[in-house]
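Under the UniProt record's numbering, the sequence shown has 256 at position 256, and the numbering climbs by one with no breaks. Where is the CB? At the ideal position from N, CA and C, for every residue including glycine.
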Amino acid sequence: MKAVVYEAFSAPPHIMTVPDPTPEPHGVVVKVMATGVCRSDWHGWVGHDTDIQLPHVPGHELAGIVEAVGRDVTKWKVGDRVTVPFVGGCGACPECHSGNHQVCDRQFQPGFTHWGSFAQYVGLHQADINLVGLPESMDFTTAASLGCRFVTSFRAVIDQGKASAGQWVAVHGCGGVGLSAIMIANAVGANVVAIDISEDKLALARALGAVATVNASEVAEVAEAVIETTRGGAHVSLDALGHPTTCFNSIGNLRKRGKHVQVGLMLAENSTPAIPMSRVIANELEILGSHGMQAHRYDAMLELMRSGKLAPEKLIGRTITLEQSIDALMTMDRFEGTGVTVVTEF
Ligand SMILES: [Zn+2]
Ligand SMILES: [Zn+2]
């Protein structure tokens, strides 16, 4: 099969012909029909992820068609249209037994712990636990755009932040994660204030339901501006970018007993940011993480899509070829363009 392979961190990947994967007894092989390009792939490529062993094939936001099925798999058959969360559970550890596959002790992550979906085929483990069937009405490109940023945002807003109608939700950073979170918070009736330094992205945020925006490059104090806009601070606030400044501002703009959810990755030199801990104590703030979402929680998200309240296809920026994915991957840290880039030609 054709695959994007890198043999050293930060060195340009190449399109190579590599052996087709075969399914594990508990797994499947999926013919990749669409795969998103994500900042996590960039982090992996530059060497921020210790799970990656070289040579490596990136890609974790995938949707496709089951091509081959392992002998122990009972729920899936050749031809099924599927996607997966970016964290797959082992099915046997205490976290998986409690239903929290997203923090499994022995995670399967395509594109990180194993070869990923910047390829014509990808092997997926523990298929009965980790695969999600796609509704007939959902195209592969939209499905691929869900796998990482959208589901992580869904878990951040709904399951971790517990945002509800009438609450203020602040979203710091309006890239793929932030725009997803804005749409999801808006869908459950929360009032969203979006924060970014790009007017283009703030315009898109408003189009997706943000009722207020703050241009962080034009105010002296971002947290103060959000507190003023929300008349007392956000009930739930997300750092959707993953940067010490947005993390600090997100905690700083909470009202008493508010919840900060860290969604954007904090890696390398950013992994131990300053936290206004005195404020956390005095105001009884909560600091939470969001790390993907279990396959069994996809139903709730797909139901909101069926109702028409969520339209993730609006977040798709452009579709590209596997050849073009190399350039898209290497320039992912430059924050160019709006929306999610999806590879659709292999
Ligand atoms: Zn597990
Ligand atoms: Zn991703």
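The Cβ atoms of valine 73 and asparagine 130 lie no closer than 8 Å to each other. Between alanine 328 and valine 37, the C-beta spacing is below 8 Å.
The alpha-carbon separation between glutamine 262 and histidine 125 amounts to approximately 27 Å. By the Cβ test, the stretch 273 to 281 is not in contact with the stretch 58 to 68, since fewer than three Cβ pairs between them sit closer than 8 Å. Shortest Cα-Cα distance from threonine 141 to any of Met330, Asp333, Leu315 and Glu323 involves Leu315. Here the alpha carbon of glutamine 324 sits roughly 10 Å from the alpha carbon of glutamate 345. Taking C-beta atoms as the reference points, arginine 149 and valine 29 fail to come closer than 8 Å. With the rule of 3 Cβ pairs closer than 8 Å, the stretch 228 to 240 counts as touching the stretch 167 to 186.
Inclusion of glycine 173 and glycine 292 in the CB contact set at 8 Å is not warranted, their separation being larger than that value. Straight through space, the alpha carbons of valine 214 and arginine 257 are spaced by roughly 23 Å. For the stretch 39 to 117, the full-length alpha helix (DSSP H) segments reaching 4 residues or more read 39 to 46 and 94 to 97 along the chain.
Taking a 10 Å sphere around the C-beta of valine 169, we find 16 or more other C-beta atoms and assign the residue as buried. Look at which beta carbons fall closer than 7 Å to any heavy atom of ligand 1; those residues are Gly89, Cys90, Gly91, Ala92, Cys93, Glu95, Cys96, His101, Cys104, Asp105 and Arg106.
Around the beta carbon of arginine 231, fewer than 16 other beta carbons lie within 10 angstroms, which makes this residue exposed. Secondary structure at valine 151: helix, using DSSP grouped into helix, strand and coil. The shortest CA-to-CA distance from phenylalanine 112 to any of Thr321, Ala216 and Pro55 is the one to Pro55. Of all C-beta pairs linking the stretch 184 to 191 to the stretch 161 to 168, three or more are shorter than 8 Å, placing the two stretches in contact.
Bounds of the beta strand (DSSP E) holding isoleucine 15 are 14 to 17. Secondary structure at aspartate 139: coil, using DSSP grouped into helix, strand and coil. Glycine 88 sits buried, since 16 or more C-beta atoms from the chains shown fall within 10 Å of its C-beta. The C-beta of lysine 75 has fewer than 16 other C-beta atoms within 10 Å across all chains shown, which makes the residue exposed.
At the C-beta level, valine 171 and isoleucine 158 stay beyond 8 Å of one another.
In this structure, valine 78 and proline 23 do not form a Cβ contact; the two beta carbons are roughly 11 Å apart against a cut-off of 8 Å. For leucine 304 against proline 135, the beta-carbon gap comes to about 12 Å, at or over 8 Å, which does not count as contact. DSSP places asparagine 191 inside the beta strand (DSSP E), whose first and last residues are 191 to 196. The closest heavy atom of ligand 2 lies less than 7 Å from the beta carbon of cysteine 38.
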